[in-house]
Amino acid sequence: MDTNLNIDRLEIAKDWLPRYTGMPIDQFGDNILLTNFDYYVTQFADRFGCKIYGEGRPMQAATNSSGLSIINFGIGSANAATIMDLLSARNPNAVLFLGKCGGLKASSEIGHFILPIAAVRGEGTSGDYLPPEVPALPSFKLHKFVSESLVSRNLEYRTGVIYTTNRRLWEHDQEFRKRLQKLTCIGIDMETATLFIVGHYNSISRGALLLVSDVPTTPEGVKTRASDREVTNTWVDQHIEIGIEAMTDISVRGEQIRHFHY
514 MDTNLNIDRL EIAKDWLPRY TGMPIDQFGD NILLTNFDYY VTQFADRFGC KIYGEGRPMQ
574 AATNSSGLSI INFGIGSANA ATIMDLLSAR NPNAVLFLGK CGGLKASSEI GHFILPIAAV
634 RGEGTSGDYL PPEVPALPSF KLHKFVSESL VSRNLEYRTG VIYTTNRRLW EHDQEFRKRL
694 QKLTCIGIDM ETATLFIVGH YNSISRGALL LVSDVPTTPE GVKTRASDRE VTNTWVDQHI
754 EIGIEAMTDI SVRGEQIRHF HY
């Protein structure tokens with residue numbers, strides 16, 4: 514790799530992370546929560562009494578006094594790749610995505626949590642980073658902390674493979690639905706595979722805790738504004754709490770969770 518090009522890339526990330534979020538790089542913590550929704554950031558800020566940066570910008574961010582940050586990066590694989598590229602400017606210890614997904618199995622009902630063991634790269638974006646043979650995987654030591662937080666609360670959770678797609682409206686595409694069945698994925702979203710691959714590309718430890726917000730394979734299970742509001746009111750606060758607890762626990766224990774370089 515051309516060293517000068519590598520330096521230029523890092524300098525661009527250092528310039529654009531504050532540009533997109535409004536928050537100086539030195540205000541970002543060592544551990545970072547990612548989300549697609551304003552509500553997660555406002556709840557985080559209300560809990561810790563911290564400032565929200567980025568009003569009127571593409572992304573919003575906040576950091577508590579313990580050095581845990583949260584960023585709303587938007588929706589979709591392109592935005593997921595962007596934030597994981599920009600976070601290379603901060604080189605965080607760990608990044609955990611608190612996202613929502615559609616359940617594809619009878620066992621993945623609305624309100625259940627999924628801790629993905631891998632993701633299918635159906636979005637296309639990740640192909641710009643690593644060859645298709647490279648699997649989209651989380652950092653499993655990070656997932657250990659999330660699992661411990663779930664178990665300590667006596668919460669059931671599912672593990673399995675997530676299908677990540679660029680398509681938002683696919684529910685009536687019968688051929689696509691048949692393909693999902695053959696792949697035996699447990700859930701579907703628009704970000705997880707991209708976050709895993711671009712995190713791997715940038716040597717950032719990454720994970721995801723997904724909340725099943727709809728069951729799009731059933732006619733009555735397709736997400737609407739009203740159904741999503743009900744999911745938010747019922748389960749999102751717990752979702753945030755688990756993420757905060759797991760990432761704070763990492764800081765308290767001071768464990769190294771990075772993978773070896775290959």
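This note's numbering puts the first residue of the sequence shown at 514, with every later residue one more than the last. Ideal placement from N, C-alpha and C gives every residue a C-beta, glycine not left out.
query, result
"Same chain only: Cβ atoms within 6 Å of THR672, ignoring 5 sequence neighbours per side", "LEU628, ILE630"
"8 Å CB neighbourhood of GLY480 in its chain, flanking five on each side removed", "For the chain, the structure presents residues 514 to 775; residue 480 sits outside this window and is missing."
"Closest Cα partner of GLY542 within the set ALA575, ASP750, VAL647, PHE610", "ALA575"
"Test item: CB-CB of GLU704 and ALA593 under 9 Å", "yes"
"Cβ pair ILE699, LYS618 closer than 9 Å", "yes"
"The ligand FAD heavy atom lying under 8 Å from the CB of GLU743", "Questions concerning the ligand FAD fall outside what the structure shown contains, since it holds no ligand whatsoever."
"Residues near MET776 in its chain [Cβ-Cβ closer than 7 Å; skip 5 each side]", "Past the edges of the chain, shown from 514 to 775, lies residue 776, and the structure says nothing about it."
"Meets three-Cβ-pair contact criterion under 8 Å: the segment 543 to 555 and the segment 580 to 587", "yes"
"Where TYR676 sits in the DSSP three-state scheme", "strand"
"VAL725: first and last residue of the uninterrupted beta strand (DSSP E) it sits in", "719 to 727"
"Nearest-angstrom Cβ-Cβ length linking TYR676 and LEU696, presumed shorter than 8 Å", "6 Å"
"Assigned exposure category for GLU688 - 16 Cβ within 10 Å defines buried", "exposed"
"C-beta contact flag for ARG690 and GLU684 at 9 Å", "yes"
"Rounded Cβ spacing between ILE755 and LEU655 (contact assumed at less than 8 Å)", "That belief does not hold up - the Cβ atoms of ILE755 and LEU655 are roughly 13 Å apart, past 8 Å."
"Outcome for ALA739 when other beta-carbon atoms lying within 10 angstroms are tallied against a minimum of 16", "exposed"
"Cβ shell of VAL647 (< 8 Å), same chain only, five flanking positions each side left out", "ILE710, HIS713"
"Proximity of ILE623 and VAL728 at Cβ, strictly below 9 Å", "yes"
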